[in-house]
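If you count by our numbering, then the sequence shown holds residues 5 to 157, one letter each, in order.
Here the structure is laid out as structure tokens; the discussion comes afterwards.
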Amino acid sequence: MYVLERLLSEDFNQWDELVAYYEQKNRSLKVPAVDKTQLHHFNVQVEEEYSKAVYDYGRARRNKDAIQRLIENTLKDLYKGANEPARKAAGIQMAKNFPTPENYPYPTVNLFDLEDRFTGYYYALQATVQSLQAKADAKITNNSLLNVEQKVI
């Protein structure tokens with residue numbers, strides 16, 4: 005039950021706030037026009053956000069992968085039933101009403117609902133990391149333009 009305990013101990017409000025923070029911060033980071041000082045400042049900001057986001061992204065991926073393995077194992081376990089569809093239905097019902105650890109306030113949890121939340125956090129942070137990488141690439145392009153412009157002048 006260790007994996008389920010770890011997943012259930014996650015603070016979903018904190019995850020929601022984290023995703024909202026990255027979305028707001030990422031939207032506010034605009035690749036500046038060709039200006040050396042602005043590019044340097046932008047580079048520092050992107051690197052700071054990327055450094056934070058990549059660790060949160062890793063944690064989100066760990067959670068997503070863990071809940072997906074838990075669901076997969078739950079659905080693959082051998083449940084009683086007259087035939088394959090009946091056994092599959094029993095596995096789905098088990099995943100929808102999965103028993104929780106003793107210290108959890110509810111006796112069961114829907115693993116599919118947990119999967120939806122953790123997958124959502126994963127994809128939101130994946131988008132953040134990809135966007136920050138794209139902005140860093142755009143900054144490199146602008147920096148190259150600045151270097152070419154200085155050589156021409």
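In this text, a Cβ means the ideal position worked out from N, Cα and C, and glycines have one as well.
Using the C-alpha atoms, what's the distance from residue j back to residue i?
i    : j    : result
L118 : S55  : 27 Å
D81  : F102 : 13 Å
E9   : P105 : 7 Å
L11  : H45  : 38 Å
Q49  : L33  : 8 Å
L43  : N17  : 35 Å
Y6   : V35  : 43 Å
S13  : I75  : 18 Å
I96  : Q130 : 28 Å
A138 : F122 : 24 Å
A128 : Y61  : 9 Å
P111 : D120 : 20 Å
W19  : G124 : 10 Å
A140 : N77  : 40 Å
Pick helix, strand or coil for residue i, following the three-state DSSP scheme.
i    : result
V35  : coil
P103 : strand
N17  : helix
Strictly under 8 Å for the Cβ-Cβ distance: is residue i near chain C by that measure?
i    : result
L136 : Absent from the structure is chain C; it holds one protein chain and no more.
Quick check on residue i: buried or exposed, where buried means 16 or more other Cβ atoms within 10 Å of its Cβ?
i    : result
D69  : exposed
T41  : exposed
A90  : exposed
E53  : buried
A168 : Residue 168 is absent from the model: the chain starts at 5 and stops at 157.
Are the CB atoms of residue i and residue j nearer to each other than 8 Å?
i    : j   : result
G85  : A99 : no
T132 : Y59 : no
L22  : I71 : no
Y108 : R65 : no
S135 : N47 : no
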